[in-house]
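Below is one structure, written out as structure tokens; the observations come after it.
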Amino acid sequence: MLKVDNLHVYYGGIHALKGISLKVDRGDFVSLVGANGAGKSTTLRTIVGLVKAKEGRVEFEGEDITNKPTHEIVSRGVLLTPEGRRIFPNLTVRENLMLGAYIRKDKADIAADLEKVYDLFPRLKERQNQKGGTLSGGEQQMLAIGRALMGRPKLLALDEPSLGLAPLLVKEVFEVLKEINERDGTTILLVEQNAYAALKLAKQAYVLETGRIVLEGTGEELLVNPQVRQAYLGVSS
Amino acid sequence: MSIEIFIQQLLNGISLGSLYSLIAIGYTMVYGILALINFAHGDIFMIGAYIAFFAVAIYALPWWLAAILTIILTACVGMLIERVAYRPLRDEPRISLLITAVGVAFFIENLAIVTLGARPKGFPVPAMMATNFDIYGFRISGVSIWVPILTICLLAGLLYIIYRTKIGMAMRAVAKDIEATRLMGVNVDRVIMYTFAIGSGLAAAGGMMWASKYPQIQPLMGMYPGWKAFTAAVVGGIGNITGAMIGGLIIGVVEIMTVAFFPTLSGFRDAFVFAILIIFLLVKPTGLMGEPLKEKV
Ligand SMILES: Nc1ncnc2c1ncn2[C@@H]1O[C@H](COP(=O)(O)OP(=O)(O)O)[C@@H](O)[C@H]1O
Ligand SMILES: [Mg+2]
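Those protein sequences? They're chains R and L, same order as listed. For the first sequence, position 191 matches number 266 in this note's numbering, and the numbering has no gaps at all. For the second sequence, position 238 matches number 372 in this note's numbering, and the numbering has no gaps at all.
Below you can see the structure in the form of structure tokens.
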């Protein structure tokens, strides 16, 4: 479904991605883990066209989407929940969700999906007329995920959805992602520093280090990989 | 001062203030999204007045048609300026954009002087505006009645667009976070273009009404109203639409009342408004309703 091939990205003189290649199959749950500054966010941002690739290719459903305008990529069904959530604080919760459905025209289906999101996150329904900025961190993360779901993603990419959340909420977020993937069949590409949870959920996973993919395998394989255990799971073997 | 004169002056101030509000909205909406002071905005207001002049005085169109046409054409001019002058510089430092805006203003003003002539032209005031009212024995000019009414209708339409439509929602989102708005699949370039269109259309409406109130038009007619409307936007809190509406009214009423109460100071009426601008910039740069200023283009 998504194929990234030999991606190179520069920020001025900084060579942030040095030939990233990865693959996401339909219905898959793929995790991308790695330390701070490894290039995880840059990878996601390049896929959705917010950052331009100097070299390499991004292919979605067999078509080249490299460096296309973001709104075109999003219209094809690739949605990103960015790092730091980035909900619109000046819009109500409901407006935030409706903006997530901006690319869609099917009014009745949008209304039905809104109810679905409210079922998934009942607290959002309670607060639907409140400004997004008044929500707690956890609620904002729910809103960010709900907002992406309103766009009916074929591929949902999430950049550190657990960042800054209390442990109980982190668990809730990961459960929701699992549900979206298993029940709705939404393909997920998850970026996390919380490597344990991300690898546990993942069918396929990649480990990034300073702009390169250094390891790949199934989630299970990487969870027991001694290198991963030492560097990312804090287990000394 | 008699009560009649006071009421006349108050209405005069309100109608002048309405016009400042209409122009101020264009400044404030563009600033809200791009953090750009569109110095050419006063000249767009002038273009509106000239388009209406040509439509009515030269092509003899009926006023209703001329007004609609003027708003549409001026909106297109606004979009053209954005597309040609500002969009290519959007990722450059803000100062380049500001300097370009000053350049666009000079360009339009000089182009207008060369092509239209510097001599003022008499504006064909619509009959509706020229008819005076007699209310409880008070004589009130048509302009003083119609300008606020038409302004209220336009502003109601604007608020409807901003708060009740999809594109309005996108405009509010872009003003907060351009990148996150892109991630919603919104074509942000188009939203910015519509913002210029709306601001310019309102300025055109303002230009036509201004020319009905002061029926002489000339290529530099947009300068002072533009600066005062900008002051209104700052007073209201730049970036804030409701603030621009209120700021416009305040500036208009203060300006007229200064002249009415202190006729000896009437030579300072413009200086007085700019003193307000400077005071606000120094003491309360966020204006009456504004949020903290943001650093972005
Ligand atoms: N906007 C930017 N300008 C310059 N350098 C950046 C920018 N964003 C990220 N970088 C650099 O690119 C590298 C990868 O960053 P990032 O993709 O954010 O990593 P991660 O998400 O894995 O923490 C880091 O060295 C970071 O400092
Ligand atoms: Mg990151």
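From the three backbone atoms N, C-alpha and C, an ideal C-beta is built for every residue, glycine too.
{"Asked": "Less than 8 Å between the C-beta atoms of F163/R and G114/R, yes or no?", "Found": "no"}
{"Asked": "Kindly indicate which three-state DSSP category E267/R falls into: helix, strand or coil?", "Found": "strand"}
{"Asked": "Between the segment 241-261 of chain L and the segment 163-183 of chain L, do three or more beta carbon pairs fall short of 8 Å?", "Found": "yes"}
{"Asked": "Which residues of chain R have a Cβ atom closer than 7 Å to the Cβ of N321/L, listed in chain order?", "Found": "H146"}
{"Asked": "Smallest Cα separation from I380/L: which of V393/L, A366/L and I390/L?", "Found": "A366/L"}
{"Asked": "By the three-class DSSP mapping on this structure, what secondary structure does V278/R have?", "Found": "Here residue 278/R is Lys; the residue named in the question, Val, does not match the sequence. DSSP places K278/R in coil when its eight states are reduced to three."}
{"Asked": "For the beta strand (DSSP E) holding D234/R, just list the boundary residues, first then last.", "Found": "L230 to D234"}
{"Asked": "Closer than 9 Å by beta-carbon distance: list the chain L residues that pair up with I178/R, in chain order.", "Found": "M318, G319 and V320"}
{"Asked": "What in chain R is Cβ-close to D311/L, meaning under 7 Å?", "Found": "R161 and F163"}
{"Asked": "Chain L beta carbons: is any one of them nearer than 8 Å to that of A306/R?", "Found": "no"}
{"Asked": "Rounded to the nearest angstrom, what separates E429/L and L170/L at their Cα positions?", "Found": "Note that E429/L scores 45 on pLDDT, short of 50, meaning its location in the model is unreliable; the coordinates nonetheless yield the value given after this. The straight-line gap from Cα to Cα measures roughly 11 Å."}
{"Asked": "Which residues mark the beginning and the end of the beta strand (DSSP E) in which V79/R is found?", "Found": "L77 to Y86"}
{"Asked": "Tell me where the alpha helix (DSSP H) around A324/L begins and ends.", "Found": "Ala is not the amino acid found at residue 324/L; the sequence shown has Arg there. Looking at the DSSP string, the run of the alpha helix (DSSP H) that includes R324/L is V322 to K347."}
{"Asked": "Label W280/L either buried or exposed according to how many other C-beta atoms from any shown protein chain fall within 10 Å of its C-beta, with 16 as the threshold for buried.", "Found": "buried"}
{"Asked": "Would you give the residue range spanned by the beta strand (DSSP E) that G131/R belongs to?", "Found": "E130 to F135"}
{"Asked": "Short of 8 Å in beta carbon distance, which residues of its chain neighbour L203/L, apart from the five on each side in sequence? Order them along the chain.", "Found": "I185, A189 and L195"}
{"Asked": "For the putative contact between L293/L and V368/L, defined by C-beta atoms under 8 Å, what is the C-beta separation to the nearest angstrom?", "Found": "With a Cβ gap of about 21 Å, L293/L and V368/L do not count as contacting."}
{"Asked": "Evaluate the contact criterion for the segment 340-349 of chain L versus the segment 187-198 of chain R: three or more CB pairs, one atom per stretch, below 8 Å.", "Found": "no"}
{"Asked": "With A223/R as the anchor, note down where its beta strand (DSSP E) starts and where it stops.", "Found": "Looking at the DSSP string, A223/R is not in any beta strand (DSSP E); the run it does join, the alpha helix (DSSP H), is G212 to L224."}
{"Asked": "Just to check, is the beta-carbon of S155/L closer than 7 Å to a non-hydrogen atom of ligand 2?", "Found": "no"}
{"Asked": "Relative to the C-alpha of W344/L, which candidate in I137/L, I148/L and L144/L has its C-alpha closest?", "Found": "I148/L"}
{"Asked": "If you drop the 5 nearest sequence neighbours on each side, which residues of the same chain put their C-beta closer than 6 Å to that of F364/L?", "Found": "Y161"}
{"Asked": "List the residues that DSSP assigns as beta-bridge partners of E284/R.", "Found": "R287/R"}
{"Asked": "Which two residues bound the contiguous alpha helix (DSSP H) that contains G377/L?", "Found": "I375 to F395"}
{"Asked": "For G175/R, return the contacting residues in chain A, with the cut-off set at a CB-CB distance below 8 Å.", "Found": "Here chain A cannot be found, since the structure's protein chains are R and L."}
{"Asked": "Label T329/L either buried or exposed according to how many other C-beta atoms from any shown protein chain fall within 10 Å of its C-beta, with 16 as the threshold for buried.", "Found": "buried"}
{"Asked": "Measure how close the beta-carbons of R161/R and A314/L come, nearest whole angstrom, since I'm counting them as under 8 Å.", "Found": "4 Å"}
{"Asked": "List the whole-angstrom C-beta distance separating L226/R from V149/R, where the pair is believed to meet the contact cut-off of C-beta under 8 Å.", "Found": "Residue identity differs from the one stated: residue 226/R is Gly in this sequence, not Leu. That belief holds up - the Cβ atoms of G226/R and V149/R are roughly 7 Å apart, short of 8 Å."}
{"Asked": "Taking Cβ positions only, does E429/L come closer than 8 Å to chain R?", "Found": "Reliability fails at E429/L, whose pLDDT of 45 lies under 50, so the model's placement of it is uncertain and the value that follows must be treated cautiously. Cβ-Cβ to chain R under 8 Å: no for E429/L."}
{"Asked": "Do the segment 256-274 of chain R and the segment 98-114 of chain R make contact, defined as three or more Cβ pairs closer than 8 Å?", "Found": "yes"}
{"Asked": "Just to confirm, does K115/R get its C-beta within under 7 Å of one of the non-hydrogen atoms of ligand 1?", "Found": "yes"}
{"Asked": "Please report the straight-line C-alpha distance between G382/L and L289/L, rounded to a whole angstrom.", "Found": "12 Å"}
{"Asked": "Verify the CB distance criterion: does M355/L have a CB-CB separation below 8 Å to chain R?", "Found": "no"}
{"Asked": "When you compare each of N142/R, A176/R and G109/R to R304/R by their alpha carbons, which one comes out closest?", "Found": "G109/R"}
{"Asked": "Determine the DSSP secondary structure at K255/L, reduced to helix, strand or coil.", "Found": "strand"}
{"Asked": "Between which residues of its own chain and A252/L is the CB-CB distance below 7 Å, once the five residues before and five after are set aside?", "Found": "Q352 and P353"}
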